[in-house]
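Notes to accompany the following structure.
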Amino acid sequence: MESCVFCEIVAGRAEASVVHGDDDVVAVLDHRPATPGHVPVIPRVHASGLAEAGDAVGAPIWRAARRVAAALRVSGLRCEGVRLSLADGEAAGQDVFHLHLHVVPRYRGDGVVVSAEWRRRSREQLDRDAALIRDALA
Ligand SMILES: [Zn+2]
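Note that UniProt numbering numbers the sequence shown so that position 82 is 82, with each residue one more than the last.
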């Protein structure tokens with residue numbers, strides 16, 4: 001496997017400012033944070049994306065993200081809200097191909113932009129889209 005920066009952090013071979021570590025995940029400060037206190041929660045096992053990560057990988061990530069989010073709110077860092085985000089695939093904005101969940105402190109005027117065209121779809125289109133996804137889930 002080619003070198004993975006998150007595997008290096010998990011192994012303690014790469015520098016990181018750790019905020020939480022347990023048997024399943026490591027949570028560190030992002031070196032290029034959206035806002036101060038931005039924490040990617042990283043599973044110890046390497047999975048490049050959602051398809052490779054089993055359900056057993058997800059629960060500890062979620063548990064740690066909720067704890068970090070609660071801690072951020074009382075940490076003294078500016079945090080009026082929290083945004084969780086996970087990018088799966090390059091088109092989704094994934095930059096490190098080791099699954100991770102971002103915990104981002106948010107506050108009014110923080111400069112973080114979540115942008116889309118938010119185009120309305122008709123009920124017929126929505127029902128057609130829903131059928132495609134239901135079929136894929138089956
Ligand atoms: Zn990795």
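Idealized CB from N, CA, C, for every residue including glycine. Owing to the predicted nature of the structure, the values given are computational and were not obtained by experimental measurement.
Backbone CA spacing between residue i and residue j [nearest angstrom]
i: D129; j: L50; result: 21 Å
i: V18; j: E117; result: 36 Å
i: R120; j: V68; result: 35 Å
i: A87; j: S115; result: 15 Å
i: A91; j: L132; result: 21 Å
i: R108; j: R78; result: 10 Å
i: R73; j: D30; result: 17 Å
i: V102; j: E80; result: Residue 102 is actually His in this sequence, not Val. Roughly 16 Å separates the two Cα atoms.
i: L126; j: G37; result: 37 Å
i: A138; j: V39; result: 35 Å
i: C7; j: E15; result: 12 Å
i: G58; j: R66; result: 12 Å
Close-in-space but distant-in-sequence residues of the same chain around residue i (CB under 7 Å, 5 per side omitted)
i: V10; result: V26, I42, R44
i: R83; result: V104, R106
i: D24; result: P43, R44, P60
i: S75; result: G37
Per-residue DSSP class, three states only, for residue i
i: V5; result: helix
i: A138; result: coil
i: A130; result: helix
i: R119; result: coil
Other residues of its chain near residue i: CB distance less than 6 Å, five sequence neighbours each side excluded
i: R32; result: none
i: A34; result: V104, V112
i: A53; result: A47, L99
Within-8 Å CB hit, residue i to chain B
i: A92; result: No chain B is present in this structure, which holds just one protein chain.
Sequence-distant residues of the same chain with beta carbon closer than 8 Å to residue i, five excluded per side
i: G21; result: A27
i: residue 139; result: Only positions 1 to 138 of the chain appear in this structure, which leaves residue 139 out of reach.
TODO: May I have a chain-ordered list of the beta strand (DSSP E) segments no shorter than 3 residues that lie completely inside the UniProt domain "HIT" (5–113)?
DONE: 18–21, 25–28, 39–43, 81–85, 101–106
Open item on the list: Give me the pocket residues for ligand 1, defined as CB within less than 6 Å of any heavy atom, sorted by chain position.
Closed with: Result (chain order): C4, F6, C7, H46, H98.
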